[in-house]
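This report refers to the structure that appears directly beneath it.
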Amino acid sequence: MNLANIEVKILGLGGSMRQPSHTLTVLNMALDAAGQSGAVTELIDLRELKLPLYFDTRRLEDFPDPEYIRQYLDKFKEADGFIFCAPTYHGTPSASFKNALDFLEFLPRRPNLYLTGKVGGLLAVASGTTGGPTCLTSLIYNARALRLLVAPGSTHVSPTKRVFDQAGQLTDEKLALQVAELGAEVTRLARLLKAERAL
Ligand SMILES: Cc1cc2nc3c(=O)[nH]c(=O)nc-3n(C[C@H](O)[C@H](O)[C@H](O)COP(=O)(O)O)c2cc1C
Numbered sequence: 113m114n115l116a117n118i119e120v121k122i123l124g125l126g127g128s129m130r131q132p133s134h135t136l137t138v139l140n141m142a143l144d145a146a147g148q149s150g151a152v153t154e155l156i157d158l159r160e161l162k163l164p165l166y167f168d169t170r171r172l173e174d175f176p177d178p179e180y181i182r183q184y185l186d187k188f189k190e191a192d193g194f195i196f197c198a199p200t201y202h203g204t205p206s207a208s209f210k211n212a213l214d215f216l217e218f219l220p221r222r223p224n225l226y227l228t229g230k231v232g233g234l235l236a237v238a239s240g241t242t243g244g245p246t247c248l249t250s251l252i253y254n255a256r257a258l259r260l261l262v263a264p265g266s267t268h269v270s271p272t273k274r275v276f277d278q279a280g281q282l283t284d285e286k287l288a289l290q291v292a293e294l295g296a297e298v299t300r301l302a303r304l305l306k307a308e309r310a311l
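For the sequence shown, our numbering assigns the number 113 to the initial residue and increments by one for each residue that follows.
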C-alpha cells in the first residue's frame, strides 16, 4: 500500500482575538506544511468562531444556534488529524481556545470516544520563557482527554519577543523548521492511522 495515496484532512484550531496573532501565524505555517505533504487542510480561527460559552447542563439543541455548533462538530468528525495552536494565558491555553475544546463534549461517544484513533499536533505560543512549556503540557493533557495520539514533534513557540520579528514573522529558523516538520508529521501519522481504521 502506498501511504502517500491516502487522502487525509487536517483541521487546525487556534489563534487569538489579537490581530496580528502570533498563534495564528504559527498555525498557518504548520497547516501549510501539512498541505505541502498532500493533506487537505482547514483552519478554524478562534477570532472568527462564534461559539457561545459552553454550558454543561445545556443540551446541544438548547444553545442559541445549534446548527452552527453541529457544523463545527462535523469538522472534527470529518478530519483525520488536528493541529491545535494555543496562545498561553496565565500558563495555560487561553479561555477561548479551551471553550472551543469544551464543545467537543458533544462529539459522539460511540463507537469511539471523542477523537479516538486520530492524531493531534500541539503548539503553544507564549511571550515568556516559562509559559510555553506549561501551556504545552496542558495541551497534552487536553489532547489525551480527547483520546488523541499526541504527535511527538509537538512544541512550544516562545519567547515570542525573541523568535518573531517586528513584522510578526517567525524568524527563528530552528523553530520554523520544527513547526513545518510537525505539519508533515501529523499528515504522515494521520495517513497511517486512517489506513489502520480501514483494515
Ligand atoms: C491575559 C494574558 C495572559 C498571558 N499570560 C502569559 C503567561 O502566563 N506566560 C507567557 O509567557 N505569556 C503570557 N501572555 C502573552 C501571550 O502568550 C503572548 O502575547 C502570545 O503571543 C499571545 O498570542 P497571540 O499573539 O496569538 O495573541 C499572556 C497574554 C495575555 C493577553
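Glycine residues also receive a C-beta, built at the ideal position from the N, C-alpha and C atoms.
Please read all numbers here as calculations on a predicted model, not as lab measurements.
Straight-line CA distance for residue i to residue j?
| i | j | result |
| --- | --- | --- |
| G244 | D157 | 20 Å |
| T283 | A292 | 13 Å |
| S270 | S239 | 6 Å |
| N140 | L155 | 8 Å |
| L311 | R170 | 37 Å |
| R324 | E190 | Shown here, the chain extends from 113 to 311; a query on residue 324 therefore has no answer. |
| R309 | R300 | 14 Å |
| G280 | V237 | 13 Å |
| F196 | N254 | 10 Å |
| R130 | R274 | 19 Å |
Leaving out five residues on either side along the sequence, give the residues of the same chain with a beta carbon under 6 Å from the beta carbon of residue i.
| i | result |
| --- | --- |
| Q290 | T267 |
| I252 | V262 |
Which residue's Cα is closest to the Cα of residue i: the options?
| i | options | result |
| --- | --- | --- |
| P164 | N117, D214, G232 | D214 |
| G265 | N114, G295, L251 | G295 |
| D186 | Q278, Y226, F167 | Y226 |
| Y166 | N211, A151, G126 | N211 |
| R159 | E285, S208, R222, D192 | S208 |
| A151 | D174, G126, N117 | N117 |
| G229 | Q278, L305, N114, D174 | L305 |
| A288 | V138, L161, R130 | V138 |
| Y201 | R222, T241, D174 | T241 |
| L235 | T272, P220, R222, R300 | T272 |
| V120 | Q278, E285, N254, F194 | F194 |
| E297 | D174, Y184, Q278, D192 | D192 |
Kindly list the residues whose CB is nearer than 7 Å to the CB of residue i, restricted to its own chain and excluding five residues on each side of it in sequence; keep chain order.
| i | result |
| --- | --- |
| S206 | S128, A198, P199 |
| T153 | I122, G124, L143, A146, G147 |
| G203 | G243, T246, C247 |
| F276 | H134, L282, T283 |
| L216 | F188, Y226, L258 |
| K162 | Y180 |
Please list, in chain order, all residues of the same chain as residue i whose beta carbon is under 8 Å from its beta carbon, the five residues on each side excluded.
| i | result |
| --- | --- |
| N224 | R259 |
| L172 | P178, I181, R182, F218 |
For residue i, verify whether its CB is less than 8 Å away from any heavy atom of ligand 3.
| i | result |
| --- | --- |
| T267 | For the structure depicted, ligand 3 is absent and the ligand set comprises only ligand 1. |
Quiz item: Can we say the segment 123-135 touches the segment 170-179, given the rule of at least three CB pairs closer than 8 Å?
Solution: Segments in contact, no.
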